[in-house]
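Visitor: Per my numbering, the very first residue in the sequence shown carries number 56; after that it's consecutive. Quick reminder that beta carbons are idealized off the backbone N, C-alpha and C, glycines included.
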Amino acid sequence: MKTTERVCLAERASNIPLYLHAYAFHLNMRYERILPGDLLDIAHQHQLQGVKIHVEDGETQALQMLSDHQLFDFRKKAEDYGLDVNIETSASDKKTLDDAIRIARATGASSVRFYPRYEGHLQDVMEKIASDIQYLSQFDDCGLTFTIEQHEDLKGEELVSLVKQSGMKNLSILFDFGNMINANEKPLDALNVMAPYITQVHVKDAKIIQDGSGWAHEACRSGHGDLPMEEMIRALLLLGEDKPQVISFGLEEEVDYFAPAFRFDDEGDNPWIPWRTASYTPLPDADKVDARLAQESEHAIEQIHYVRNICNKFINEN
């Protein structure tokens with residue numbers, strides 16, 4: 056590595072924009088032990104730059120369920136802490152996007168992340184997604200940025216084509232550390248393909264499991280899986296010449312989340328993309344709930360330290 060690159064890496068590692076992802080507390084939020092406002096408290100306590108929160112996180116107390124007054128209170132709390140808010144949703148249809156944008160505006164969020172969930176042959180699915188993005192394009196100048204996540208079924212080159220063809224200034228890619236596995240891609244290869252369009256990230260580790268002629272992944276504690284986390288963080292930090300291209304690294308420690316293979320070696324040019332539900336982590340047995348929720352919280356905090364230790368390594372390399 057050249058001296059100038061080492062200096063750039065050290066500087067960016069020392070200022071890495073870390074965001075607390077609500078999925079790190081997925082089980083706690085499903086049991087309503089941790090609510091959206093609590094995430095702001097945790098992010099503030101650990102000196103993070105913001106939160107990434109799904110519109111449904113928190114069940115009956117999720118942002119999607121709150122009144123305008125309650126959403127304003129959430130916004131005020133985030134502003135008082137100086138935290139950025141990123142809103143996330145798990146589809147790309149008009150109704151889903153409209154609701155996410157409504158919540159983003161009400162909470163003072165800076166961005167909305169979405170991903171498509173369609174069943175059908177790849178070419179038909181791509182047409183549906185392109186139509187959804189065409190609808191989204193009317194909001195290109197609304198003050199929000201938008202990210203489409205590579206979420207287990209589409210390959211990097213397919214996402215890049217959707218972004219390039221959209222004509223939108225404020226649409227880019229959210230890169231998840233493990234989701235390319237299910238689309239039958241290798242982590243660093245997928246990163247390289249999407250690199251020019253990546254502005255946000257979900258950080259997690261996972262075990263890679265063979266699934267027919269494809270691959271599944273099971274999320275695990277950071278540093279205990281098969282993903283080249285250090286190499287990916289390094290590469291992502293170095294994106295952008297004059298300033299960092301990646302503006303948020305979401306800490307998404309989602310232990311035990313499992314996703315099967317969606318793309319395969321022998322699938323052909325126009326494979327069938329099966330229907331899937333939104334992401335979730337299996338619930339623990341009733342007698343193990345309290346212990347599992349406490350463990351989940353511990354893992355989430357440990358990931359903050361894990362990523363910061365990697366960044367400290369980069370800083371000390373200089």
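1. Alpha carbons only, please: which of 247, 349, 301, 236 is nearest the one belonging to residue 316?
2. Measuring alpha carbon to alpha carbon, tell me which of 57, 340, 153, 343 ends up nearest residue 193.
3. Report the three-state DSSP secondary structure of residue 203 (helix, strand or coil).
4. Have a look at residue 127 and residue 320 and give me their C-alpha separation to the nearest angstrom.
5. Count the C-beta pairs between the region 129-140 and the region 85-97 that are closer than 8 angstroms, then say yes if the count reaches three, no if not.
6. With residue 269 and residue 247 assumed to form a contact (beta carbons below 8 angstroms), what rounded beta-carbon distance in angstroms separates them?
7. If you draw a straight line from the alpha carbon of residue 195 to that of residue 201, how long is it in whole angstroms?
8. In angstroms, rounded to a whole number, what distance separates the CA positions of residue 88 and residue 343?
9. Helix or strand or just coil, what does DSSP make of residue 228?
10. In the DSSP output, what is residue 74 paired with across the bridge?
11. Residue 139: buried (16+ other C-beta within 10 angstroms of its C-beta) or exposed?
12. Residue 62: buried (16+ other C-beta within 10 angstroms of its C-beta) or exposed?
13. Considering only the beta carbon of each residue, do residue 263 and residue 230 sit closer than 8 angstroms?
14. Select from 72, 241, 298 the residue whose C-alpha is nearest the C-alpha of residue 265.
15. Let me make sure I understand the geometry here. Which of 363, 251, 257, 157 has the alpha-carbon closest to that of residue 204?
16. Do you know how far the Cα of residue 143 is from the Cα of residue 331?
17. Suppose only complete runs of 4+ residues qualify. What are the alpha helix (DSSP H) ranges in the region 119-155, listed by chain order?
18. For the beta strand (DSSP E) that residue 269 lies in, which residues bound it at each end?
19. What first and last residue would you give for the alpha helix (DSSP H) that runs through residue 183?
20. What did DSSP end up calling residue 89 once you bin it into helix, strand or coil?
21. Looking only at DSSP bridge pairs, what is residue 327 linked to?
22. How far does the beta strand (DSSP E) with residue 254 in it reach, from first residue to last?
23. Quick one: grab the DSSP three-state call for residue 265.
24. Evaluate residue 255 with the Cβ neighbour count: other Cβ atoms within 10 Å of its Cβ, from every protein chain shown; 16 or more gives buried, anything less gives exposed.
25. Closest by CA to residue 86, which one among 363, 349, 365?
26. Which partner residues does residue 168 have in the DSSP bridge list?
27. By Cβ distance, which residues of its chain are closer than 6 angstroms to residue 67, with the 5 residues on each side in sequence left out?
28. Decide yes or no for the touch test of the region 157-168 against the region 207-220: beta carbon pairs closer than 8 angstroms, at least 3 of them.
29. Beta-carbon within less than 6 angstroms of residue 117's beta-carbon, same chain only, minus the 5 sequence neighbours each way: which residues are those?
30. If you drop the 5 nearest sequence neighbours on each side, which residues of the same chain put their C-beta closer than 7 angstroms to that of residue 215?
31. For residue 360, count neighbouring C-beta atoms within 10 Å of its own C-beta (all shown protein chains included) and say buried if the count is 16 or more, exposed if not.
32. Pick out whichever of 81, 99, 125 has its Cα sitting closest to the Cα of residue 108.
Guide: Concretely, from the data shown:
1. 236
2. Of the candidates 57, 340, 153, 343, the residue whose Cα lies closest to the Cα of residue 193 is 153.
3. strand
4. 49 angstroms
5. Three or more Cβ pairs drawn from the region 129-140 and the region 85-97 lie within less than 8 angstroms of each other, which places the two stretches in contact.
6. Rounded, the Cβ-Cβ distance is 20 angstroms, inconsistent with contact.
7. 8 angstroms
8. 15 angstroms
9. Of the three classes helix, strand and coil, the one that applies to residue 228 here is strand, per DSSP.
10. 105, 305
11. Flag for residue 139 reads buried.
12. That one is exposed.
13. no
14. 241
15. Per the Cα distances, 257.
16. 17 angstroms
17. 123-136
18. 269-275
19. 177-191
20. coil
21. According to DSSP, which records beta bridges pairwise, residue 327 is partnered with 176.
22. 253-258
23. strand
24. buried
25. 349
26. 143, 202
27. 292, 299
28. The region 157-168 makes no contact with the region 207-220, as fewer than three CB pairs between them are under 8 angstroms.
29. 111
30. Within its own chain, the residues whose Cβ lies closer than 7 angstroms to the Cβ of residue 215, once the five positions on either side in sequence are excluded, are 248, 249, 252, listed in chain order.
31. exposed
32. 81
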